[in-house]
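**Q**
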């Protein structure tokens, strides 16, 4: 897809009118180095408008993809990638009898699930652990960012991510993913996706605050009969398994994680080193023993 | 009602709108209401992103809304759920109607007064007993020879006849009972296809959440207006809300979600042919009383209620337009106003262009090849023009149809045979110019210019201003009478910078109004005069610029979390910054709030005035127990009591029964869409008898029951694209979200015609056919209508051949048919056929 003529004429934006500490007005958050920040994405409030996808691409100057019509409900971007850092999943799930569709609904996204997915900014980030060059680092806001000038495109981070978030870009060969708007945080601005969300499905804030809000929200929903609501990625909940401890971008879901394209029990690859090493050594030993036995037998002949 | 006031509702019914997708910002407040425990309902032909967030989805066949709403009216009446103290005192529920009135339900679907010869209604039997009630919005009694003012004199003499016990057989309450007696839950199911249990849940939830302590809101959009019965659908909602006492109260009312950004603004300062700014009537050439200004004033001035101020507003408007060149000696320039001679709406104009009656056209921010009904007819018309000026940000389909359109694709015409001279001129986007948007709740919001548009692009204001300047220069020496309106037109805006951009704030200052000739800003429309000492571009907007340096539309002061939530410091809402219209109705007849929970306006006896955190939409010091002294033949507001909140109505009451102003009946009754696969189950009259059909060779309509077109088709918008698609299909970041046209069909239909998801299908109507991809989804539901199985398909109408996201134009399928009152098209409900495959297209030339 070529750059539109109008866009080519005006490649620069102007940022003269940004008030200081804008996030205090837009999200009630004071952004300071040394504190931990993240996203709480409440899928029961998501209306699938995709404003987050557009705001993300506009701010981060990511190119559009030309995937064509997928036929997968209204999801035409399909997945997170090197150039798509927010992605809204759509899942049609109309329970029905015969031709009759249900009309009495639990009221919080029961028949058509929508979720805005994003990099989880894991507290034990496997991508960071796999990175041999130090390109991926943990910022002063406890987020995980790839430095493009250091990344050498080795791609170790790609299989390391249990969520399939990081991807190498075909053009520059380097790893790209959501930065939780590192540049905006430095300027006192709320991340673009959260700011553009009209229903506050995407909430930005300090992790402890978000945690409290999220747990209260789950309680409220349970009280209102949405008994399937649960947190994914908060400490001690699904998604923060396998040594991941917690995800700084966590979610409220109302159905199985797999339906949202999330692994039911993600694991940090480093957790598997000891058992994998053990099994490997055992296999080696077994093979050696077998070889020795065979050799001994042939010697006897 | 204010969008943010939705957060105070206890129930929200979204109907005729896909609110979450097309008004996501307003839907934020529905979600807030829901957080506070409100029940959210969505009645719609499709299961959309709005339905997904609702507690109840009531699926209804496209175009059957009045049957559904009529069912709710009957449910309220039969179960005695009327908020009587409100509806009897504040509405015309008890008013007695002419004894010769007959409801459509008792007369095969026609109201009394049907004139077969004229093919229209005579309105005499729709009047109050012994009293003629004029319409607040002027297009009334077009063909009467008698002076209208003579007929409405009785309004000065006493209140309309009524029976507060509601027993009189011709009081509105009894008429309603008869009109909607047949709209039983079973009938609702039979007509709409919505299971009656679901319908009852909606009716019950609305009624349960209304009354002194609770309020319910209804939100609608173009899903109601785009029908031949669109006006009556909205009327039906107004009746429901009036019966339940939900108008003028916090969290209650009807929110008309507008089709795009400043459509509200373009009705206030209208692009409509039959109104002048501020809903003043455009004079009609065939009306004998419109020949001279004094007759026009006499005829159009409503004796009682707020509209009695009409002469002040029209005189100030003429002063603003023509300045010192007008005065009492030349009828204030009245003769220079264009007079309408018929229907000059877009649909009628489309045909006039096609017939060669119109030679030239300007398109400013409109793309009729995509958005106009019967797209091929539109193209043929454009191809017959002598000249066409297109101002837009892209080369839109309406500018290059002559080389890429249907006519050349189908080899009907060759590009060199199309003689239209087309001027494509680049327009500026919103951020590249200063000005205002008037949003859905009448909030006028100013925006500054952020950056100058690239290259030769210019604002619409620049274009119109400089065009007018050049025209004035051309006609400067003309002595012809007909050229005087151009010569005398005021154009006193400062133009600045190398581009000579006119100052939009100067235009807004003129719209607000000032004294003449001193040009001192007026503080509100109460200062406007009928003697020429004030000039005002639109009386309703008066107050938006009360001082020379005080642009209230630019103000951005929200209330904060502990404030009253009316946000009076956030921009300016017309009229006079009132956020809730008719808010006097939020207090009981004695002036006390109906309940503490729903407190908004109350009478302060000690101070002798009304109090509210909102601006009061009533006379601020008129006590609740004021009664008109009929011996003095009171005029204007003096004729309305202190307990009559609906000040724009001649009798101060909400019109459950509407005696004037509508061409298709004083009450809504269910008619089928003009193109429907179903015989009207309610009465013999199939569709609206006064629907504008324009049946002609290039706009064919099929007969009822034509087996070639068995399915219901509805066209709609997606959240990812904007209207004709120009601002989004050419932008990669929005184009990729919905990159290609499609039609949604239910799996049952897909099986029947043998297609799977993403297969090509062809949709056809008598007007034409389009090919597109099938999006097979269970969100579309087959209906059981009157014992028959009916499939419904939907197709977004954003797409065209330009930009990154392309697809066939849905409006190739639609017909030029319109609502009798508004001339609005019926693209939300028609019929079609669907088959597997593609269209064999002869590529170019012969």
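Chains as they are written, first to last, in full-length UniProt numbering: chain C, 1 to 301; chain Z, 1 to 846. Backbone N, C-alpha and C define an ideal beta-carbon position, used for all residues, glycine too. From a predicted model like this one, the values you see are computed outputs, not experimental measurements.
1) Going by DSSP in three states, residue 42 of chain Z sits in which element: helix, strand or coil?
2) Using a Cβ-Cβ distance cut-off of 7 Å, determine whether residue 169 of chain Z contacts chain C.
3) According to DSSP, simplified to helix, strand and coil, what is residue 680 of chain Z?
4) Tell me which residues share the same chain as residue 685 of chain Z and place their Cβ nearer than 8 Å to its Cβ, disregarding the 5 neighbours each side in the sequence.
5) Is the separation between the beta-carbon of residue 594 of chain Z and that of residue 624 of chain Z shorter than 7 Å?
6) Under the DSSP definition of a beta bridge, which residues are partnered with residue 170 of chain Z?
7) Leaving out five residues before and five after residue 296 of chain Z in sequence, what residues of the same chain have Cβ atoms less than 7 Å from its Cβ?
8) Taking only three categories from DSSP, how would you classify residue 528 of chain Z?
9) Residue 60 of chain C by DSSP, collapsed to three states: which one?
10) Quick one: grab the DSSP three-state call for residue 252 of chain Z.
11) Quick one: what's got a C-beta closer than 7 Å to residue 662 of chain Z's C-beta in the same chain, skipping five residues either side?
12) Return the chain-ordered list of same chain residues with a C-beta closer than 8 Å to the C-beta of residue 635 of chain Z, the five sequence neighbours on each side being excluded.
13) So is residue 250 of chain C buried or exposed if we call it buried at 16+ other beta carbons inside 10 Å?
14) So for residue 127 of chain C, helix, strand or coil by DSSP?
15) Does any residue of chain C have a CB that is nearer than 7 Å to the CB of residue 737 of chain Z?
16) Would you call the CB atoms of residue 254 of chain Z and residue 264 of chain Z closer than 7 Å?
17) So which residues on chain Z does residue 59 of chain C lean against when the C-beta distance must stay under 8 Å?
18) Whole angstroms is fine: what's the gap from residue 295 of chain C's alpha carbon to residue 283 of chain C's?
19) Taking only three categories from DSSP, how would you classify residue 786 of chain Z?
20) Quick one: which chain Z residues come within Cβ less than 7 Å of residue 48 of chain C?
21) On the CB-based measure, 16 or more other CB atoms within 10 Å of its CB, does residue 294 of chain Z come out buried or exposed?
22) Just grab the DSSP bridge partners of residue 556 of chain Z for me.
23) Buried or exposed, going by whether 16 or more other CB atoms sit within 10 Å of the CB of residue 9 of chain Z?
24) What three-state label does DSSP hand residue 694 of chain Z in the structure shown?
25) So, residue 666 of chain Z versus residue 676 of chain Z, is the Cβ gap smaller than 7 Å?
26) Could you check if residue 225 of chain C is buried or exposed, using at least 16 other CB atoms within 10 Å of its CB as the buried criterion?
27) Anything in chain C within Cβ reach of residue 447 of chain Z, meaning under 7 Å, just list it in chain order.
28) Does chain C have any CB closer than 7 Å to the CB of residue 215 of chain Z?
29) Could you check what DSSP says for residue 138 of chain Z in three-state terms: helix, strand or coil?
30) Note down, in chain order, every chain C residue with its Cβ under 7 Å from the Cβ of residue 715 of chain Z.
31) Quick one: which chain Z residues come within Cβ less than 7 Å of residue 167 of chain C?
32) Which of helix, strand or coil does DSSP assign to residue 162 of chain Z?
33) Nearest to residue 235 of chain C by CA position, among C/247, C/229 and C/228, is which residue?
34) Does any C-beta atom of chain Z lie closer than 7 Å to the C-beta of residue 203 of chain C?
35) Checking contacts by CB at 7 Å: is residue 171 of chain C closer than that to chain Z?
36) Here's the rule I'm using: 16 or more other beta-carbon atoms within 10 Å means buried, otherwise exposed. How should residue 851 of chain Z be labelled?
**A** To lay it out plainly:
1) If DSSP states are grouped into helix, strand and coil, residue 42 of chain Z belongs with the strands.
2) For residue 169 of chain Z, the answer is no, since every Cβ of chain C falls outside 7 Å of its Cβ.
3) Shown here, residue 680 of chain Z sits in coil according to DSSP, grouped into three states, outside any helix or strand.
4) Excluding positions up to five away in sequence, the list reads 104, 108, 109, 110 and 671.
5) No, the Cβ-Cβ distance between residue 594 of chain Z and residue 624 of chain Z is not below 7 Å.
6) Its beta-bridge partners do not exist; DSSP assigns none.
7) The beta carbon of residue 296 of chain Z sits closer than 7 Å to those of 283, 289, 290 and 334, all from its chain and outside the five residues before and after it, given in chain order.
8) Note: residue 528 of chain Z maps to coil in three-state DSSP.
9) Judged by DSSP in its simplified three-state form, residue 60 of chain C adopts helix.
10) Correct three-state label for residue 252 of chain Z: coil.
11) Here the set comprises 231 and 821.
12) 156, 303, 304 and 308.
13) Residue 250 of chain C is classed as buried because its beta carbon has at least 16 other beta carbons within 10 Å across all chains shown.
14) In the three-state reduction of the DSSP assignment, residue 127 of chain C falls in the helix class.
15) Using beta-carbon distances, residue 737 of chain Z counts as an interface residue toward chain C, with a partner under 7 Å.
16) Cβ distance not < 7 Å, so residue 254 of chain Z and residue 264 of chain Z don't count as in contact.
17) In chain order: nothing, as chain Z lies at least about 11 Å away.
18) Spanning the two alpha carbons is a distance of roughly 18 Å.
19) Looking at residue 786 of chain Z - three-state DSSP - the assignment turns out to be coil, as it is neither helix nor strand.
20) The contacting residues are 49.
21) With fewer than 16 other Cβ atoms within 10 Å, it is exposed.
22) BP columns for residue 556 of chain Z point to Z/570.
23) Buried, since its Cβ has 16 or more Cβ neighbours within 10 Å.
24) Residue 694 of chain Z: coil per DSSP, three-state reduction.
25) Note that the C-beta distance between residue 666 of chain Z and residue 676 of chain Z is not below 7 Å.
26) Per the 10 Å Cβ criterion, exposed.
27) From the beta-carbon of residue 447 of chain Z, no residue of chain C is found nearer than 7 Å; the closest lies around 13 Å away.
28) Interface criterion not met: the Cβ of residue 215 of chain Z is under 7 Å from no Cβ in chain C.
29) The pLDDT assigned to residue 138 of chain Z is 49, lower than 50, so where the model puts this residue is not dependable; a value taken from the coordinates is nonetheless given after this. Coil at residue 138 of chain Z, not helix or strand.
30) Here the premise fails: no neighbours, minimum Cβ distance about 17 Å.
31) Near residue 167 of chain C there are no residues of chain Z at all, since even the closest Cβ is about 17 Å away, more than 7 Å.
32) If DSSP states are grouped into helix, strand and coil, residue 162 of chain Z belongs with the strands.
33) Measuring from the Cα of residue 235 of chain C, the nearest candidate turns out to be C/247.
34) By this cut-off, residue 203 of chain C is not an interface position.
35) For residue 171 of chain C, the answer is no, since every Cβ of chain Z falls outside 7 Å of its Cβ.
36) Residue 851 of chain Z lies beyond the range of chain Z shown here (1 to 846); nothing can be said about it.
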